[in-house]
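These notes are about the structure you will find just below.
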């Protein structure tokens with residue numbers, strides 16, 4: 126027996142009920158704003174003034190940042206301290222408020238009366254040198270300074286390049302690398318953090334090589350193709366936290382975290398595995414998306430090599446297209462209607478091939494909130510400001526989370542939210558050697574974040590995590606950010622791989638892969654799609670009637686009706 130979800134809120138008839146609902150929504154909005162405020166306050170809070178040297182926690186970045194040994198290290202290493210401080214000012218996408226306040230404040234402001242001023246021994250000239258870029262230099266000035274200070278930019282790229290590949294940064298001297306990298310790791314409290322200087326300058330030739338190759342082959346690119354610019358690619362695969370730092374703009378343009386399963390704490394591991402099981406089940410209960418623009422190469426692209434752009438869920442233009450479909454893509458969340466009459470916004474549908482499939486889909490829906498929480502936790506710990514921006518945009522655009530199962534709208538309160546959770550409206554799931562063409566997304570924001578992991582097929586409709594199955598069983602399938610000639614080499618990774626990238630801004634794609642029949646690599650992403658946002662706006666302007674919405678539960682109910690109708694038709698024919 127299929128279990129129905131809680132009913133959607135029905136229309137209220139009295140003024141008191143309307144006011145009560147408006148008050149409830151205002152409380153929810155206030156709560157969301159308070160959470161964001163708390164996060165900002167946490168990131169921007171100064172170090173504890175009561176901490177003394179003996180009480181410093183070796184894992185705490187705040188006390189370490191002002192500890193005597195690091196200050197002395199900076200004062201004695203003029204080649205490193207300027208570039209390190211400049212890095213923290215320019216990469217405001219890591220810890221924005223925290224970095225700005227900590228680095229722009231005088232160290233003595235955080236010391237109790239009578240405590241030792243650990244920087245008092247520094248000369249006045251040295252103190253000015255340490256703090257001058259923080260108070261007066263602009264970001265472009267800092268970037269120019271960093272381009273002149275090669276000691277910081279020489280972050281061990283050879284550890285992330287295959288044997289025989291070109292080390293594009295090998296010409297950078299190693300002087301100051303150990304000090305700078307050590308400071309950054311201790312400052313962040315992350316022992317395995319890596320900063321990779323990258324740049325779009327000169328990348329046009331690399332992007333053109335990738336796009337020309339896919340046009341020539343009429344299929345997504347493979348890293349094993351002799352014509353693929355493998356040696357010019359920065360390959361990321363070592364465990365740890367990796368940040369792509371654009372030296373042209375001073376921004377973090379991508380971030381990768383690679384964690385073998387046994388490095389996650391038990392509570393996080395349990396939560397993440399539950400979320401992963403929910404997503405793997407969803408891939409078996411939902412139909413494959415056949416109109417994904419990134420898997421289409423238009424005729425004019427074949428002729429001219431022009432940019433390929435078509436976001437998830439959008440139909441192609443009237444021009445002829447060549448569809449090369451490798452693997453499958455599935456989705457959960459809200460999108461604009463495609464061929465459904467009298468509907469403005471709908472939830473992604475379920476397969477209606479069997480009662481078992483529909484039951485599994487109905488059963489996974491309550492678990493989507495945990496998936497949402499897992500992704501929120503993951504992005505906020507990998508790149509807090511990207512998470513902050515994503516949440517702000519979700520609230521501003523009133524984007525209903527893919528985990529929301531109901532939408533509501535009150536014409537008496539048009540500024541009120543339509544859901545109880547604002548978050549990216551789309552969660553996509555790929556598997557079975559999925560690959561696509563290099564493209565840019567057409568989303569409402571430039572924030573994209575996803576997980577990748579390997580799994581084993583238990584039976585026709587069940588994928589499971591297995592300790593014996595990891596990425597090394599699957600060849601290829603790298604995630605390529607062509608604009609920065611950077612790729613995540615999954616085959617050399619272990620466990621869970623997380624990636625933040627700017628989907629709307631930078632060329633990216635998944636390369637071809639091959640795997641045994643019983644093994645696959647899952648890939649996912651959360652995004653705020655532009656068409657989903659426009660669908661919400663259209664629905665609200667039309668009055669927000671529930672008749673113009675198809676919820677997840679209605680998808681289940683409709684699938685049950687189709688199965689019953691099919692069963693009756695089969696009996697009738699017999």
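Residue numbers (the numbering used here): 126 to 699. Backbone N, C-alpha and C define an ideal beta-carbon position, used for all residues, glycine too.
Buried versus exposed, by CB contacts within 10 Å (16 or more), residue i
i: residue 603; result: buried
i: residue 560; result: buried
i: residue 526; result: buried
i: residue 584; result: exposed
i: residue 380; result: buried
i: residue 391; result: exposed
i: residue 558; result: buried
i: residue 595; result: buried
i: residue 592; result: exposed
i: residue 550; result: buried
i: residue 408; result: buried
i: residue 509; result: buried
i: residue 570; result: buried
i: residue 541; result: buried
i: residue 506; result: exposed
i: residue 552; result: buried
i: residue 511; result: buried
i: residue 519; result: buried
i: residue 503; result: buried
i: residue 337; result: exposed
i: residue 465; result: exposed
i: residue 686; result: exposed
i: residue 700; result: As displayed, the chain neither begins before 126 nor continues past 699, which places residue 700 out of reach and without an answer.
i: residue 155; result: exposed
Coarse secondary structure for residue i, derived from DSSP in three states
i: residue 193; result: Low confidence applies here, because residue 193 scores a pLDDT of 43, under 50, leaving its location unreliable and the question unanswered by this model.
i: residue 634; result: strand
i: residue 556; result: strand
i: residue 439; result: Residue confidence for residue 439 is low, a pLDDT of 41 falling below 50, so the modelled location carries little weight; the figure read from the coordinates is stated next. Three-state result, residue 439: coil.
i: residue 383; result: strand
i: residue 525; result: strand
i: residue 531; result: coil
i: residue 492; result: helix
i: residue 322; result: strand
i: residue 538; result: coil
i: residue 498; result: helix
i: residue 608; result: helix
i: residue 595; result: coil
i: residue 66; result: The question about residue 66 has no answer, for the chain in this structure spans 126 to 699.
i: residue 691; result: helix
i: residue 561; result: coil
Whole-angstrom C-beta distance between residue j and residue i, which should lie under 8 Å
i: residue 528; j: residue 493; result: 4 Å
i: residue 386; j: residue 620; result: 4 Å
i: residue 638; j: residue 499; result: So it is not a contact: roughly 25 Å between Cβ atoms.
i: residue 469; j: residue 673; result: 4 Å
i: residue 369; j: residue 332; result: Not a contact, Cβ separation roughly 16 Å.
Residues sharing a beta bridge with residue i, DSSP
i: residue 568; result: 654
i: residue 479; result: DSSP lists no partner for residue 479.
i: residue 645; result: 580
i: residue 454; result: 555
i: residue 639; result: 600
i: residue 675; result: 471
i: residue 365; result: 383
i: residue 626; result: 379, 573
i: residue 589; result: 581
i: residue 390; result: Bridge partners of residue 390: none, in fact.
i: residue 669; result: Looking at the DSSP assignment, residue 669 forms no beta bridge with any residue, so it has no partner.
i: residue 664; result: Answer is none; residue 664 lacks a bridge partner.
i: residue 547; result: 525
i: residue 613; result: 361, 604
i: residue 406; result: Bridge partners of residue 406: none, in fact.
i: residue 460; result: 471
i: residue 155; result: According to DSSP, residue 155 bridges with nothing at all.
i: residue 371; result: 323, 376
i: residue 621; result: 384
Meets three-Cβ-pair contact criterion under 8 Å: the region 346-362 and the region 594-614: In short, these stretches touch, since the Cβ pair count reaches three.
Cβ contact (3+ pairs, closer than 8 Å) linking the region 474-492 and the region 398-412: Yes, since at least three Cβ pairs between the region 474-492 and the region 398-412 fall closer than 8 Å, the two stretches touch.
Cβ contact check for the region 649-660 and the region 454-469: 3 or more pairs under 8 Å: Touching, per the Cβ criterion.
The region 564-578 in contact with the region 620-634 per 3-pair CB rule at 8 Å: Three or more Cβ pairs drawn from the region 564-578 and the region 620-634 lie within less than 8 Å of each other, which places the two stretches in contact.
Sufficient close CB pairs (3 or more, under 8 Å) joining the region 340-350 to the region 630-649: Touching, per the Cβ criterion.
Three-pair Cβ contact test at 8 Å for the region 539-546 versus the region 316-331: Contact between the region 539-546 and the region 316-331 is not established, with fewer than three Cβ pairs separated by less than 8 Å.
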